[in-house]
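**Student:** Just so you know, we're using the working numbering here: the sequence shown kicks off at 16 and counts up by one.
Okay, here's the structure, questions in a sec.
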Amino acid sequence: MIWNKERETMSRSQLEAMQSELLASQVARAYERVPFYRQLFRDRGIRPGDIKSLADLHKLPFTRKSDFRDNYPFGLLAVPRNQLARIHASSGTTGKPTVVAYTKNDMALWREVCARNLAAAGVTPDDTVQIAMGYGLFTGGLGWHYGSEHLGATVLPMSSGNTKRQIMLIQDFETTVFCCTPSYGIFIAEQAEEMGVDLRATRLRVGIHGAEPWTAEMRRELERRLGLDPIDTYGLSEMIGPGVAGECTYHCGLHLNEDHFLAEIVHPETGDPLPYGEKGELVLTALTKEALPVIRYRTGDITRLDPSPCKCGRTMVRMEKVSGRTDDMLIVRGVNVFPSQIETVLLQVEGVQPHYVILVDRELGAMDELEIWVEVSEAIFADDIGQLKGLQQKAEYEMRETLGIQARIKLVEPHRIERSMGKARRIIDRRAVYDQ
Ligand code: DLL
């Protein structure tokens with residue numbers, strides 16, 4: 016079902032005309048109401064009247080996560096505090112969180128875009144949606160919660176964690192849609208298998224995933240073990256949370272809600288705009304948000320855009336599955352590699368489990384070293400040393416052949432690697448110790 020047919024199937028020329036208008040008014044609003052933007056535009060010699068259409072977009076300066084940090088907590092707001100309906104925040108790895116806020120209208124917009132993504136995933140009012148993403152300051156839980164309610168589905172507000180209980184309720188309440196990060200999905204599958212519960216025999220049919228990078232191999236694993244159709248959804252707190260883009264059941268890219276979020280791809284180093292089809296960093300502008308009019312935000316996420324219409328009838332641009340973040344790219348002895356590429360290669364090696372961690376290290380003055388710890392099944396681990404050695408050599412060979420990187424593979428016993436109920440931490444970078 017297409018949730019908002021008028022918008023989601025509009026012609027590109029109609030859409031672009033609408034985006035042009037919204038861009039001009041959003042830029043003017045930001046200039047008038049947010050001292051940060053006024054200063055930023057003045058520094059570039061830009062006045063609001065200079066931005067008339069999409070063609071002027073490239074004149075605008077970029078914004079970054081550091082701008083949120085520098086204006087912590089409420090410096091980027093375009094409305095007085097008493098107009099806020101909700102505040103969320105995403106925890107960074109260090110220091111203060113990134114604070115985002117919503118007016119009542121922003122809340123309505125948020126549930127609308129989340130409902131669109133859910134409908135595209137095949138969710139209907141007949142579904143029972145178990146939300147196993149974190150409730151609280153993280154946008155995942157509450158975003159899907161209000162989106163599912165808006166769509167008319169029945170919501171089971173579980174939040175993440177309490178894994179055995181999650182599995183019990185999937186069975187007892189006949190959950191049909193399960194919302195969780197891909198890594199938590201794998202954890203659920205593993206727990207269920209250990210409890211002797213076959214989730215494939217339950218009513219589960221759609222998985223709403225996202226909030227972290229995951230590969231096609233991980234998708235197959237979720238499909239096989241949970242017996243559902245895993246759907247990729249993308250979003251970020253700075254824009255709204257979940258609801259920016261999501262796959263339909265054809266799985267050919269994520270439909271981006273372009274009437275609210277204007278998307279561009281730029282070269283990650285130079286910032287130069289790249290044409291449709293080329294891979295680069297996604298830059299987003301929130302065209303309609305009242306509380307937080309974020310303009311030309313460098314997401315750090317690597318993808319490409321395809322404006323051709325989808326088989327499902329939607330016309331909004333499709334974003335390829337995010338392949339990594341600019342700041343997660345590893346450079347190992349001069350070879351660039353994303354963790355997702357490592358995941359793809361690892362999961363193709365038979366006997367290897369989808370639990371791994373990448374350790375990057377550098378001894379003083381030496382080159383970067385990569386060590387990958389990955390779990391193998393109980394049966395393999397308990398088997399003779401020869402088989403383990405063979406498997407390790409095979410994985411190392413595949414890394415060399417496919418990615419051109421030298422990596423030490425360490426096969427570890429089941430449960431050795433920490434499980435995640437939210438966003439998995441896949442990289443442990445020890446190089447920083449030597450860079451200080
Ligand atoms: O993760 C919002 C969200 C919640 C999206 C639930 C989807 C589902 P943040 O915590 O601000 O917001 O993190 C945003 O997570 O810039 C990406 O790097 C990453 N990310 C989000 N979705 C995907 C995805 C939420 N489908 C950051 N694939 C983003 C890869 C993703 N990375």
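By construction, the Cβ of each residue, glycine as well, lies at the ideal position given by its N, Cα and C atoms.
Run through DSSP, which three-state label would G455 get?
**Tutor:** Residue 455 lies beyond the stretch modelled for the chain, which goes from 16 to 451, so this question has no answer here.
**Student:** According to the neighbour-count rule (16 or more other Cβ atoms, all chains shown, within 10 Å of its Cβ), is Q41 buried or exposed?
**Tutor:** The residue you call residue 41 lines up with position 26 of the sequence shown. Under this definition Q41 is a buried residue.
**Student:** Taking 9 Å as the cut-off, decide whether the C-beta atoms of G137 and D244 are in contact.
**Tutor:** Reading the sequence shown from its first residue, position 122 is the one you call residue 137. Reading the sequence shown from its first residue, position 229 is the one you call residue 244. Yes, the Cβ-Cβ distance between G137 and D244 is below 9 Å.
**Student:** With distances taken from CA atoms, which of S198, A130 and E236 is nearest E365?
**Tutor:** Along the sequence shown, read from residue 1 onward, the residue named residue 365 stands at position 350. Taking only the C-alpha atoms, the option nearest E365 is E236.
**Student:** Tell whether a beta-carbon distance below 9 Å holds between L91 and F51.
**Tutor:** Here the question's residue 91 lines up with position 76 in the sequence shown. Here the question's residue 51 lines up with position 36 in the sequence shown. Result yes, Cβ atoms of L91 and F51 sit closer than 9 Å.
**Student:** Any heavy atom of ligand 1 closer than 8 Å to the Cβ of M436?
**Tutor:** Looking up residue 436 in the sequence shown gives position 421. False, no ligand heavy atom lies under 8 Å from that Cβ.
**Student:** Between R329 and G295, is the Cβ-Cβ spacing less than 9 Å?
**Tutor:** Sequence index remark: in the sequence shown, residue 329 carries index 314 (1-based). Sequence index remark: in the sequence shown, residue 295 carries index 280 (1-based). Cβ atoms of R329 and G295: not closer than 9 Å.
**Student:** Given a threshold of 16 other Cβ atoms within 10 Å of its Cβ, counted over all protein chains shown, does F153 qualify as buried or as exposed?
**Tutor:** What you label residue 153 is simply residue 138 of the sequence shown in a count that begins at 1. Classification of F153: buried, given that the 10 Å Cβ count is 16 or more.
**Student:** Mind checking G167: buried by the 16 CB within 10 Å criterion, or exposed?
**Tutor:** Looking up residue 167 in the sequence shown gives position 152. Looking at its Cβ environment, which holds fewer than 16 other Cβ atoms inside 10 Å, G167 is exposed.
**Student:** By how many angstroms is the C-alpha of T118 removed from the C-alpha of S105?
**Tutor:** The sequence position of residue 105 within the sequence shown is 90, counting from 1. The sequence position of residue 118 within the sequence shown is 103, counting from 1. Computed Cα separation, rounded: 18 Å.
**Student:** Do the region 65 to 79 and the region 333 to 349 make contact, defined as three or more Cβ pairs closer than 8 Å?
**Tutor:** These segments do not touch.
**Student:** Which residue marks the beginning of the alpha helix (DSSP H) containing N452, and which one marks its end?
**Tutor:** Because the chain spans 16 through 451 in this model, residue 452 falls outside it and cannot be assessed.
**Student:** Can you tell me whether P172 sits near ligand 1, meaning its C-beta is under 8 Å from at least one heavy atom of the ligand?
**Tutor:** Translated into the one-based positions of the sequence shown, residue 172 becomes position 157. No, ligand 1 has no heavy atom inside 8 Å of this Cβ.
**Student:** In the structure shown, what three-state DSSP assignment does H160 receive?
**Tutor:** Looking up residue 160 in the sequence shown gives position 145. Three-state result, H160: helix.
**Student:** On the DSSP letters alone, give me the boundaries of the alpha helix (DSSP H) that R239 sits inside.
**Tutor:** Here residue 239 refers to the residue found at position 224 when the sequence shown is read from its first residue. That run of the alpha helix (DSSP H) goes A231 to L241.
**Student:** Looking only at its chain, what residues have a beta carbon closer than 7 Å to the beta carbon of D274, apart from the 5 residues adjacent to it on each side?
**Tutor:** If you number the sequence shown from 1, residue 274 lands on position 259. Correct list, in chain order: R22, L30 and M33.
**Student:** I need the straight-line Cα distance from H430 to E227, nearest angstrom please.
**Tutor:** The residue labelled residue 430 in the question sits at position 415 within the sequence shown. The residue labelled residue 227 in the question sits at position 212 within the sequence shown. Using only the alpha carbons, I get a separation of about 21 Å.
**Student:** Taking only the alpha-carbon atoms, compute the straight-line gap between R415 and D383 and give it to the nearest angstrom.
**Tutor:** Stepping through the sequence shown from its first residue, residue 415 is reached at position 400. Stepping through the sequence shown from its first residue, residue 383 is reached at position 368. Roughly 15 Å between the two C-alpha positions.
**Student:** Counting C-beta neighbours from all protein chains within 10 Å, is the total for P290 16 or more, i.e. buried, or is it exposed?
**Tutor:** Your numbering for residue 290 matches position 275 in the sequence shown. By the 10 Å Cβ count, P290 comes out exposed.
**Student:** May I ask whether a heavy atom of ligand 1 can be found less than 8 Å away from the beta carbon of F83?
**Tutor:** Position 68 of the sequence shown, counting from 1, holds the residue named residue 83. No, the Cβ of F83 stays beyond 8 Å of every heavy atom of ligand 1.
**Student:** Ligand 2 and M148: does any heavy atom of the ligand fall closer than 8 Å to the residue's C-beta?
**Tutor:** This structure simply doesn't include ligand 2; it includes ligand 1 instead.
**Student:** Any idea what DSSP makes of M334, helix, strand or coil?
**Tutor:** Taking the sequence shown and counting its residues from 1, the one referred to as residue 334 is at position 319. Here M334 sits in strand by DSSP.
**Student:** Within the same chain, show all residues whose beta-carbon is closer than 8 Å to that of R348, passing over the 5 residues directly before and after it, in chain order.
**Tutor:** As a position in the sequence shown, residue 348 is number 333, starting the count at 1. Excluding sequence neighbours, R348 sits near M382, D383, I420 and Q421.
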